[in-house]
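Chains as they are written, first to last, in the numbering used here: chain A, 325 to 451; chain B, 325 to 451.
Heads up: the structure comes next, in structure tokens.
Number of protein chains: 2
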Amino acid sequence: MLPIEETASILKLMGDKTRLTMLKLLEGDTCCVCEFVELFGMSQPAISQHLRKLKDVGLVKEDKRHQWVFYYLNEDHDLYPMVERVLSTLPSQQEKLLQLTEDGKRIDCCSIKGENSQDDKGTNVRD
Amino acid sequence: MLPIEETASILKLMGDKTRLTMLKLLEGDTCCVCEFVELFGMSQPAISQHLRKLKDVGLVKEDKRHQWVFYYLNEDHDLYPMVERVLSTLPSQQEKLLQLTEDGKRIDCCSIKGENSQDDKGTNVRD
DNA sequence: TGATTATATAAGCAGATGGTTATATACTAG
DNA sequence: CTAGTATATAACCATCTGCTTATATAATCA
Numbered sequence: 325m326l327p328i329e330e331t332a333s334i335l336k337l338m339g340d341k342t343r344l345t346m347l348k349l350l351e352g353d354t355c356c357v358c359e360f361v362e363l364f365g366m367s368q369p370a371i372s373q374h375l376r377k378l379k380d381v382g383l384v385k386e387d388k389r390h391q392w393v394f395y396y397l398n399e400d401h402d403l404y405p406m407v408e409r410v411l412s413t414l415p416s417q418q419e420k421l422l423q424l425t426e427d428g429k430r431i432d433c434c435s436i437k438g439e440n441s442q443d444d445k446g447t448n449v450r451d
Numbered sequence: 325m326l327p328i329e330e331t332a333s334i335l336k337l338m339g340d341k342t343r344l345t346m347l348k349l350l351e352g353d354t355c356c357v358c359e360f361v362e363l364f365g366m367s368q369p370a371i372s373q374h375l376r377k378l379k380d381v382g383l384v385k386e387d388k389r390h391q392w393v394f395y396y397l398n399e400d401h402d403l404y405p406m407v408e409r410v411l412s413t414l415p416s417q418q419e420k421l422l423q424l425t426e427d428g429k430r431i432d433c434c435s436i437k438g439e440n441s442q443d444d445k446g447t448n449v450r451d
């Protein structure tokens, strides 16, 4: 595909408020589907479908851990530098993740697996 | 509108091959509708509708001269810096304009008005 | 003035998009 | 194994998109 066509197809995907916010959130974090569902107040299939599109063009990758699927930015994508240039112009969305944590809705798969922490046994949220 | 929403709406417009190429062409030039029609091999209404969308969000402005309407990038747009960051990652499309010139299809309104040149009297193309 | 050229707008249509609900799949925990 | 939780997929639907053709508007020119 010509560079201008590939760029257009990526920009089209980024040209949706939900997906653009997802990408900004993933700029500094890893999120799983149920966190996005909580954050956007949308149905789980709607979230999955957005993530599918991002995954299909290779903008994000997934990491299945425990019963969750965590998504993260694919920094090896051809157009990642362009994507990052755009994301860097956007205001941080971190406060949304902080709010999730305060609401006890943030997923912490690591503490469950007991690989990286000693606390949170018996719960499936991180804080 | 929230910054992330405004950015998404601009990216959506840029997420079309024709409009993205138009913007890249306008990065270093001014073009009129009939030049775009020639360049893209599309109907004149289709071109006008793309330009209308770009104009509606303020990404381009128009300059009516002689019987033509010339479009150019609006560098004062809020998101112009973001747009320029994206365009700068794209390969130049200048050769398309050169081809137009070779084909004698490039419009030169200035020489017609006789404001900036002494040649080309009686023709409506620049070379 | 009337013909020509350039552009814009309107209406219609096929295909894409983004959501929904229902259901399938996969993993965990008891 | 069974129930519960997380995710994906399928089917459906309303709206949006981008094109087309037809027509309107505007400027130039003979």
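Just so you know, even glycine gets a beta-carbon here, dropped at the ideal spot from N, CA and C.
Boundaries (first-last residue) of the alpha helix (DSSP H) holding residue i
i, result
"V357 of chain A", "357-364"
"V338 of chain A", "First, the amino acid is wrong: residue 338 of chain A is Met here, not Val. 327-338 is the extent of the alpha helix (DSSP H) around M338 of chain A."
"T425 of chain A", "418-426"
"T345 of chain A", "341-350"
"R409 of chain B", "404-411"
Contact set for residue i: own chain, Cβ-Cβ below 8 Å, skip 5 residues either direction
i, result
"L350 of chain B", "V384, Y395, Y396, L397"
Residue interval of the beta strand (DSSP E) (run including residue i)
i, result
"L397 of chain B", "392-397"
Beta-bridge partners of residue i, as assigned by DSSP
i, result
"V384 of chain A", "A:L397"
"R376 of chain B", "DSSP, once it has assigned bridges, lists no residue as partnering R376 of chain B."
Same chain, Cβ closer than 7 Å to residue i, neighbours up to 5 away in sequence not counted
i, result
"K445 of chain B", "Caution is warranted here: a pLDDT of 32 is assigned to K445 of chain B, below 50, making its placement in the model unreliable, and the coordinate value is therefore given only provisionally. Within the same chain, K445 of chain B has no close Cβ partners at all."
"K348 of chain B", "L411, L414, Q417"
"H374 of chain A", "T342, R343, M346"
"T331 of chain B", "L403, M406"
"G489 of chain A", "Missing from the structure shown is residue 489 of chain A; chain A here goes from 325 to 451 and no further."
"L363 of chain A", "K420, L424"
Buried/exposed call for residue i, threshold 16 Cβ in 10 Å
i, result
"P327 of chain B", "exposed"
"E359 of chain B", "buried"
"K336 of chain A", "buried"
"R430 of chain B", "buried"
"M338 of chain A", "buried"
"G428 of chain B", "exposed"
"L378 of chain A", "buried"
Contact set for residue i: own chain, Cβ-Cβ below 6 Å, skip 5 residues either direction
i, result
"E361 of chain A", "Here residue 361 of chain A turns out to be Val, not Glu, going by the sequence shown. Cβ neighbours of V361 of chain A beyond the five flanking positions: Q368, I371."
"I334 of chain B", "L403"
Residues from the segment 367-383 of chain A in contact with chain B, defined by Cβ distance under 8 Å: Against chain B - using a Cβ distance shorter than 8 Å - the segment 367-383 of chain A contributes no residues.
Interface residues of the segment 336-351 of chain B facing chain A [CB-CB below 9 Å]: Taking 9 Å as the Cβ-Cβ cut-off, the segment 336-351 of chain B approaches chain A at K336, L337, M338, G339, D340, K341, T342, R343, L344, T345, K348, given in chain order.
Cβ-based contacts, 9 Å cut-off: residues of the segment 418-435 of chain B near chain A: Those residues of the segment 418-435 of chain B that come within reach of chain A (Cβ to Cβ, closer than 9 Å) do not exist; the list is empty.
Residues in the segment 389-410 of chain B having any Cβ partner in chain A nearer than 9 Å: Along the segment 389-410 of chain B, the positions whose C-beta sits under 9 Å from a C-beta of chain A are L403, P405, M406, R409, V410, read in chain order.
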